[in-house]
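Here's the structure we're looking at; comments come further down.
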Amino acid sequence: MIQGAGSNVGKSLLVAGLCRAARSRGLKVAPFKPQNMSNNAAVTVDGGEIGRAQALQAMASGLEPHTDMNPVLLKPETDVGAQVVVQGKRLTTVKARDYAKLKPQLMTSVLESFNRLKSSHDLVIVEGAGSPAEVNLRAGDIANMGFACAADVPVILAGDIDRGGVIAQMVGTQAVLDTDDNAMIEGFLINKFRGDVRLFDDGYAMIEVRTGWRGFGVLPFFPGAAKLPAEDALDLVRASDGTGLNIACLVLSRIANFDDLDPLAQEPGVSLRMIHPGEALPGDTDLVILPGSKSTRGDLAFLRAQGWDIDLSAHLRRGGRILGICGGYQMLGRAIHDPNGIEGAPGSTDGLGMLNIETVMTGDKSLTRVAARHAPTGVMMSGYEIHIGRSSGKDCDWPFANVGGTPEGAISPDGMVQGTYLHGAFADDGFRSVFLETLGAVGSVGSYSTAVNDALDDLASHMERHLDVEAILKIAR
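Structure representation (structure tokens):
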């Protein structure tokens, strides 16, 4: 189990790299994260949802994503509440202060999923959540030491030197953990080093002496991480390096499934800019993407608070185009109705009025992988749906796609505003190429999945060069 001395220390990529390294040794390996908090989810082969990081780790392992790889997924809907997804299905929505009451029953599901993976694989590599140093959360813990002790899984603690204070991270974590939890830690590694690694020799030795833990190495910063799907919205870059077609995406407060954008960010003929709160939409933008959201009505209010509704209207007047995906699609309509208060207080919210549709939030959730035909061009594409709500209206007469002969999404009569519930379509190389051509850009000639797999190979090789990977794998029991 890889645990972190803090949040965002790189646990997800470390596990992905170890999974690929283990697979290259001929081991049947699977990733596992007991509890994840993310609005970036993937639809699994068994019809559920898990965190995007575990889907990437599954790819590194040569597996299809499965709900057992992330049995508890928390999807924040407000600053104090989150939807609780257990083994791929929504269980309830709780406030943070009430979540602890659920943990005993959740541990049962966590151990069920872990034991199924353990029984069918040679090796399971586990990712922790946050940090075990948050000892105020230790009672009932299912994400870090609570799980490690219950499942008897040895732990390696990872620290992030890029943020500074890594010696204190390591020594301080040992200081606040109790005796039993400390006994689970087999050693440590240092991640994201920049520059001459030898300059940290004294600091590395100091951690070994102060903690008595074995060091498994110092891992230099891996530039190829930018080619891999990110799970945390904090990792969203402000711009890609491409030139040509200018695409802008609004960074909503509850942005979800933003890995939709990753294939576009890697296109040399595309300049993708992430527009963060407080920033105006650039006037030279060709296409604006309204991404998915875990709280559509809340993020619509957030969008208006930034003045982005005014920017979008001006963008259309200049002849620009807009694409809404999932929650972004719902926002483009005339109204969003939530009679049962699924996203908060019951009621209705006026939409942006750029598509002649209305959305009604419903309790059932669509979770499915789909093959579709893009209506304007006729090209086939693959993607997935992961949403609540049903949209209907006049503009649905001009669908974005057809799924099994059923119209999906909507396009305005002038074709300048489009909306769809389909995530992941840009990862389909054929569709991405044709879609970019319709906007006047050079169509894609690369394979996105190949690029991701190549980056995973590079990550594993990078870790093999700088860490004692063989020793890490040998501590499994």
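Residue numbers (my numbering): 1 to 477. Built from N, CA and C at the ideal position, the CB exists for glycine as well.
Between residue i and residue j, what straight-line distance do the alpha-carbon atoms span, to the nearest angstrom?
i, j, result
"E127", "L56", "13 Å"
"G187", "G217", "10 Å"
"L73", "E358", "29 Å"
"P291", "F431", "18 Å"
"A471", "M463", "12 Å"
"G47", "A265", "28 Å"
"R138", "P132", "8 Å"
"I185", "P154", "6 Å"
"D196", "G165", "17 Å"
"F147", "S109", "12 Å"
"G443", "P376", "16 Å"
"I325", "E49", "18 Å"
"V209", "A305", "52 Å"
"T296", "I336", "8 Å"
Between the Cα of residue i and the Cα atoms of the options, which residue gives the shortest distance?
i, options, result
"K294", "P34, G389 and S449", "G389"
"T44", "T67, T420 and K33", "T67"
"P34", "A82, R25, A21 and V86", "V86"
"V288", "K95, A314 and D201", "A314"
"V270", "L439, S348 and M59", "L439"
"G212", "N182, G88 and L219", "N182"
"I342", "A41, M37 and T93", "T93"
"A475", "A96, V9, L123 and L13", "According to the sequence shown, residue 475 is Ile rather than Ala. The option with the nearest alpha carbon to I475 is L123."
"G378", "H423, F400 and V9", "F400"
"D284", "I255, A256 and N246", "N246"
"L467", "A225, P220, G140 and L117", "P220"
"L189", "D202, A335 and G215", "G215"
"L27", "S113, S120 and D202", "S120"
Using the beta-carbon count (16 or more within 10 Å), is residue i buried or exposed?
i, result
"I310", "exposed"
"L367", "buried"
"K11", "buried"
"P277", "exposed"
"P223", "exposed"
"E64", "exposed"
"A371", "exposed"
"V417", "buried"
"N39", "buried"
"D259", "buried"
"K95", "exposed"
"D180", "exposed"
"S478", "Past the edges of the chain, shown from 1 to 477, lies residue 478, and the structure says nothing about it."
Using three-state DSSP, classify residue i as helix, strand or coil.
i, result
"F302", "helix"
"N402", "strand"
"Q266", "coil"
"T285", "coil"
"R321", "strand"
"C149", "helix"
"H466", "helix"
"Y421", "coil"
"N40", "coil"
"I255", "strand"
"T377", "coil"
"I388", "strand"
"S444", "coil"
"S131", "coil"
"E221", "A small fix is needed here, since residue 221 is Phe in this sequence, not Glu. Note: F221 maps to coil in three-state DSSP."
"Q87", "coil"
"P407", "strand"
Less than 8 Å between the CB atoms is what I'm expecting for residue i and residue j, so what's the real figure, rounded?
i, j, result
"M170", "L157", "7 Å"
"D338", "G328", "D338 to G328, Cβ: 17 Å. No contact."
"G353", "D160", "With 8 Å as the limit, G353 and D160 do not qualify as a contact, their Cβ atoms being about 45 Å apart."
"D429", "A410", "Going by Cβ atoms, the distance from D429 to A410 rounds to 25 Å, so no, they are not a contact pair."
"G333", "G415", "Contact flag wrong, Cβ pair sits at about 17 Å."
"L355", "L303", "L355 to L303, Cβ: 15 Å. No contact."
"R90", "K365", "6 Å"
"R20", "A60", "4 Å"
"V29", "A22", "4 Å"
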